[in-house]
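Participant: Sharing a structure with you now.
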Amino acid sequence: MLGLTLALASGVGAQQATRTQPVEGMRDNGTGYHALVGVRVVTAPGQVLDNATVVIRDGIIRDVSRGGDAPAGARVWNLAGHTVYPGFIDAHADLGLDDVPEGGDVGPTHWNPQVRAWFSTTANLQDDEERRAALRSQGFGTALVVPKQGIFRGTASVVNLGDAGVRDRVLRPDVVQSIGFQRSFELGGSYPNSTMGTTALMKQTFMDADWYIRAWDAYESSGRAFLPPETSEALGALEDAVQGNQAVLFETGSEEEYLRARKIAEQFGVDAWYRGSGQEYRIIDVLRGRTEPLIVPLDFPDAPDVSDPEAALNASLADLRHWYLAPASPGQLADAGIRFAITADGLSSLNDFLPNLRTSVARGLSPDAALAALTTTPAEWLGLSRTHGTIESGKVAN
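Quick look at the structure:
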């Protein structure tokens, strides 16, 4: 499983979206007509076709059949001995936002610079060719790009990882609000400077957003009979989240932060998603039966230094337990019936992703559960099931 993978996000799956911008120079009118023949195709978790033919035209899968012939006019790729999987979907990617200016917010945003709910990934996304290529090398064709600055960080967008222009790669703009417990010191401001303060700011901001919506509704319904409330882009940007029309993605760095985030979500009735910490094995009983989207990293700890007796004495039992149990966490989640997606976020090198995934499979995660966590599950949560997640006629070839 996941040994030799041919990604449909490569040249055979490239596509050019319909666009209004005029073409400079010669127009490429290539048909993008391809046939992958003799290939083993994992069409979906648990579903395999041997010696299959996959026909792709203009970036869309037109046919998948066992032993089929290549259609006339198609470029034929003889892939006997290769395996094709659906393109992976990273549900929490750090991509294309490194060069966005830090701070310097202007206009009526928010009194606290850590509250940046107005920030739009779609409006600020920049090309990040190196990281896109690194993600594609690990099998990813699609990603939810999540902003990282601040506590209320703004909206995340679903993007294609192909080589089209930045505007053409956005598949679903601004689908979720992103929140994290770690403040960004480069944004300035002295508050909050503790976990208690961060939690208080989260709660106060949700309460302020609810007040802001009701205050403006009252002002408009009165025929503007009194002075208008203050204007705040940050609070206004939270309207859909507060009213349950947009999910809120909490990034948690520990099982304690997950529990805090869940209490906040329940208190304010928001549609919560969670980016886990890799420590979910510690709270399997708490997670059992939960249905909110959970995204887990594969950023496993390095082995503690036990190279000599003195170093071994300094290795704590907690560190040893985490080093041993973290790779088994995805398998324990699956065995408990807890649905989750897998992200490459948090890895110091993206080249560690597939080796770490294989480690989790060796430690109890079934191959089908691993594939579902990278394809069908994130496709469903991100609203992509009609176009992504499986290899079948009518879906995008990535």
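Taking the working numbering, the leading residue of the sequence shown gets 1064, the next gets one more, and so forth. C-beta: ideal position from N, C-alpha, C; glycine also.
Relative to the alpha-carbon of V1100, which residue among R1277, V1111, G1452, T1116 has its alpha-carbon at the smallest distance?
Facilitator: T1116
Participant: By the 10 Å Cβ neighbour count, where 16 or more other Cβ atoms means buried, how is S1253 classified, buried or exposed?
Facilitator: Taking all protein chains shown into account, S1253 has fewer than 16 neighbouring C-beta atoms within 10 Å of its C-beta and is therefore exposed.
Participant: Can you look up H1155 in the DSSP assignment and give me helix, strand or coil?
Facilitator: strand
Participant: Ignore the nearest five residues each way along the sequence and tell me which others in W1336's own chain have a CB closer than 8 Å to its CB.
Facilitator: V1239, A1310, V1311, L1312, F1313, E1355, P1356, L1357, I1358, W1444
Participant: Starting from T1453, trace the alpha helix (DSSP H) both ways and give me its first and last residue.
Facilitator: Counting along the chain, T1453 falls outside any alpha helix (DSSP H), and DSSP gives it neither H nor E.
Participant: Return the residue from the list G1217, V1104, I1454 that minimises the CA-CA distance to L1301.
Facilitator: G1217
Participant: Which word fits E1293, buried or exposed, when buried means at least 16 other C-beta atoms lie within 10 angstroms of its C-beta?
Facilitator: E1293 counts as exposed, since fewer than 16 other C-beta atoms from the protein chains shown sit within 10 angstroms of its C-beta.
Participant: I believe G1159 touches D1121 by the beta-carbon criterion, under 8 Å. Please report the beta-carbon distance rounded to the nearest angstrom.
Facilitator: The pair is not a contact, with the Cβ atoms about 25 Å apart (cut-off 8 Å).
Participant: Under 8 Å, with one C-beta from each stretch per pair, do the segment 1257-1276 and the segment 1194-1202 reach the 3-pair mark?
Facilitator: No: the two stretches stay apart, fewer than three of their Cβ pairs being nearer than 8 Å.
Participant: Would you mind giving the Cβ-Cβ distance between G1409 and P1360, rounded to the nearest angstrom? I have them listed as a contact below 8 Å.
Facilitator: 4 Å
Participant: Using a Cβ distance threshold of 8 Å, determine whether the segment 1373-1388 contacts the segment 1410-1419, with at least three qualifying pairs required.
Facilitator: The segment 1373-1388 is not in contact with the segment 1410-1419.
Participant: Helix, strand or coil for A1399? Go by DSSP, reduced to three states.
Facilitator: The answer is coil: DSSP assigns A1399 none of H, G, I, E or B.
Participant: Tell me the rounded alpha-carbon separation between T1106 and T1453.
Facilitator: 5 Å
Participant: Is any non-hydrogen atom of the ligand COA found closer than 6 Å to the C-beta of E1249, if you look at the structure I gave you?
Facilitator: In terms of ligand content, the structure shown is empty, and the ligand COA therefore cannot be addressed.
Participant: Between the Cα of D1237 and the Cα atoms of P1210, G1202, S1317, which residue gives the shortest distance?
Facilitator: P1210
Participant: Please state the DSSP three-state secondary structure of Y1254.
Facilitator: Of the three classes helix, strand and coil, the one that applies to Y1254 here is coil, per DSSP.
Participant: Going by DSSP in three states, A1432 sits in which element: helix, strand or coil?
Facilitator: helix
Participant: Rounded to whole angstroms, what is the Cα-Cα separation between P1430 and G1109?
Facilitator: 9 Å
Participant: Have a look at V1104 and R1235 and give me their C-alpha separation to the nearest angstrom.
Facilitator: 27 Å
Participant: Per DSSP, T1218 forms a beta bridge with which residues?
Facilitator: Partner(s): S1183, Q1240.
Participant: Should the segment 1328-1347 be regarded as contacting the segment 1380-1396, the criterion being three or more beta carbon pairs within less than 8 Å?
Facilitator: yes
Participant: Counting C-beta neighbours from all protein chains within 10 Å, is the total for G1286 16 or more, i.e. buried, or is it exposed?
Facilitator: exposed
Participant: Please report the distance separating the alpha-carbon of D1126 from that of D1303.
Facilitator: Here the C-alpha atom of D1126 lies approximately 39 Å from the C-alpha atom of D1303.
Participant: If distances are taken between C-alpha atoms only, which option among E1319, V1147, G1427 comes closest to F1113?
Facilitator: According to the sequence provided, residue 1113 is Asp. The question's Phe does not apply to it. Measuring from the Cα of D1113, the nearest candidate turns out to be V1147.
Participant: Taking the straight line between their C-alpha atoms, what separation do you get for S1183 and A1219?
Facilitator: 7 Å
Participant: State the Cα-Cα distance for the pair A1156 and D1280, rounded to the nearest angstrom.
Facilitator: 36 Å
Participant: Measuring only the C-alpha atoms, how far is Q1306 from T1185?
Facilitator: 22 Å
Participant: On a CA-only basis, which of I1214, D1334, V1459, G1228 is nearest P1255? Give me that one, please.
Facilitator: Of the listed residues, the one whose Cα sits closest to P1255 is I1214.
Participant: Compare the Cα-Cα distances from A1143 to each of R1426, F1248, L1224, R1129 and report the closest residue.
Facilitator: R1129
Participant: Taking 7 Å as the cut-off, decide whether the C-beta atoms of A1098 and V1118 are in contact.
Facilitator: Taking 7 Å as the cut-off, the Cβ atoms of A1098 and V1118 count as close.
Participant: Which value, in whole angstroms, describes the spacing of the CA atoms of N1461 and W1174?
Facilitator: 43 Å
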